[in-house]
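Here the structure is laid out as structure tokens; the discussion comes afterwards.
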Amino acid sequence: MPLEVYKRKGKWWVRGTIEYGGTAISGYYRKSTRASEEAGAWEWCREEEKRVLNRHLNGETAGEEELGPKAPDLTFADAVLKYTAKPKEATYLIPILTEIGAIQIKNLKPSLVRKLGEKIYPMASTATWTRQIITPVRAVVNNLYDDSDGTVYRIRGYTKAEKVAQDKKRGSTGRKKYPPADWDWLLQFREHAPPKIATLALMMFATAGRISQTISMHPHKHVDAAEGKVCIPAAKGTEDRWIAVPPELMEELLALTPEYPRGWPRVPENLRLFGYAGRSGPLKLWRKACADAGIRFIPFHTAGRHAFGQEMNVREGVDANAAAHHGGWEDINLMRKAYTHVEEAEDKINRALRRGQRKAERRTKLKLKKEG
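Heads up, the final residue of the sequence shown is numbered 632 in our numbering, and it's a clean run with no missing numbers.
Given below as structure tokens:
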């Protein structure tokens, strides 16, 4: 679930994970951004995504911040009692309490928390350590500080080198990574998908819209048939963006029957273009379409936003500024790093070598391979 912000007690909080190539590269966030405005919260998300992505790609780490002298004289167990944990979080906290429950918060060093991963879950991935140890500990302590002086408790994640070492130890590379969709995949998928699901796939592929943005579209507020444009709702600090779409897509959007998501009040503002309440709504039919078409399963984000980035930047060579503007990326470097992927590298390199060789042979009148 990509990062999203929500309001709580007058402040904007964040929840979700940071993803790369359709795979989470961070633990689950559930914390305050300390922003009083939504824009500030999304700015926090962008900065956090940059930091985590940089660490994931380059193995770079930021310094760990120790708790200051104003840390309360409470133990971690005391802090847990003041924290309202979700059921799954509670199960994560039980073994953590056994190890560090008696330690005072002011003495809880980030390095100590990071070492709990190998101790409690010796054969798990670093992603699991982050999700089941670092994230809940950080949430418990920051919840304590949220009612005090605004101190923030930070624990850096695991480096790329640490991930590789742990994966080697346990004999696994972690969650499966999916290559971005292409036109071939999309056309085969659409051939076997129900009309609404087929349109959903084309919509995300052509606009770089996230699944959360796409299913939140209102049939009257976000579609302008006269101009041939759609509005991709704001997300992650970006504003609503109106963009032109292919006429085939507009025709399909206009043919949809807008619906109220199941269980929602039947009031005009709740009408949705695709009729889903959340990202899990279309998943079953999405999987079935892949199976019926006999093609590999590709999740929403990789079939949409990643596929758009790959199609524009790698396959079609579109100007990066144009691709970023249309796809809603404020940071072009982030688009290039996170949303473009190596594709047919050996063939491309060998073709390039051959082109360079032939040009040089024509210029010098010499041959790489001597005849006779």
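Here a beta-carbon is modelled for each residue, glycine too, at the ideal position from N, C-alpha and C.
Nothing here was measured: the structure is a model prediction, and the numbers come from that model.
Per DSSP, D484 forms a beta bridge with which residues?
K489
By a C-beta neighbour count over all protein chains shown, 10 Å radius and 16 as the cutoff for buried, is S286 buried or exposed?
buried
Based on DSSP bridge pairs, tell me the residues matched to I503.
V490
Quick check on A495: buried or exposed, where buried means 16 or more other Cβ atoms within 10 Å of its Cβ?
buried
Whole angstroms are fine: how far does the CA of G276 sit from the CA of L594?
19 angstroms
How many Å lie between E325 and K369 at the Cα?
Bear in mind that a pLDDT of 45 at E325, under 50, signals an unreliable position, so the number given afterwards is only what the model happens to contain. About 9 angstroms.
Straight-line Cα distance separating E631 from P507:
Distance between the alpha carbons of P507 and E631 is about 56 angstroms.
Who does K291 pair with in a DSSP beta bridge?
V274
For G323, which residues from the same chain have a beta carbon less than 7 angstroms from its beta carbon, with the 5 sequence-adjacent residues on both sides left out?
Confidence is the limiting factor: at G323 the pLDDT is only 41, short of 50, which leaves the residue's position unreliable and the question unanswerable from this model.
Just to confirm, are T344 and G361 a CB contact at a threshold of 8 angstroms?
no
Tell me whether V265 sits in a helix, a strand or coil according to DSSP, three-state version.
strand
Compare the C-alpha of L545 against each of R416, H452, Y381 and name the closest.
H452
Taking A284 as the reference, which of H480, T474, K375, R391 has the closest Cα?
Closest in C-alpha terms to A284, from the list H480, T474, K375, R391, comes R391.
G270 and S296 - do their beta-carbons sit closer together than 8 angstroms?
yes
Is K629 helix, strand or coil when you go by DSSP?
coil
Residue from K619, E512, P440 with nearest C-alpha to V602:
P440
Name the DSSP beta bridge partners of T498, please?
Looking at the DSSP assignment, T498 forms a beta bridge with A495.
Going by beta carbon distance, what residues of the same chain come within less than 7 angstroms of I503, once the five residues before and after it are set aside?
T467, K489, V490, I492, H586
Measuring CB to CB, does R315 end up less than 8 angstroms from T459?
no
Give me the Cβ distance between A580 and R596, rounded to the nearest whole Å; I'm assuming they're in contact under 8 angstroms.
7 angstroms
Per DSSP, Q617 forms a beta bridge with which residues?
Beta-bridge pairing links Q617 to no other residue.
Whole angstroms are fine: how far does the CA of K366 sit from the CA of G417?
20 angstroms
Going by beta carbon distance, what residues of the same chain come within less than 6 angstroms of A553, once the five residues before and after it are set aside?
Q448, F449, H452
Per DSSP, what kind of secondary structure is Y280 in: helix, strand or coil?
strand
Along the alpha helix (DSSP H) that carries G587, what are the first and last residues, could you check?
Per DSSP, the continuous alpha helix (DSSP H) segment holding G587 begins and ends at 580-587.
What is the residue span of the alpha helix (DSSP H) that H561 lies within?
560-563
Identify, in the order they occur along the chain, each residue of the same chain with its Cβ nearer than 8 angstroms to the Cβ of L353, setting aside the five sequence neighbours on each side.
V340, A345, P396, V400
Nonlocal neighbours in the same chain, by C-beta distance under 7 angstroms from R522, ignoring five residues either side:
A537
Identity of the residue in L404, S371, R615 nearest A337 by Cα:
L404
With the cut-off set at 8 angstroms, would you say A605 and D442 are in Cβ contact?
No. Outside cutoff.
When you compare only the Cα positions, how much space is there between A598 and N573?
12 angstroms
The alpha helix (DSSP H) spanning Q426 covers which residue range?
420-430
Among V265, R306, R290, W272, nearest to G588 - alpha-carbon criterion:
R306
Beta-bridge partners of E519, as assigned by DSSP:
R532
Buried or exposed: L628, going by 16 or more other Cβ atoms within 10 Å of its Cβ?
exposed
Taking 8 angstroms as the limit between beta carbons, can you name the residues of its chain near L357, skipping five residues before and five after?
F336, A337, V340
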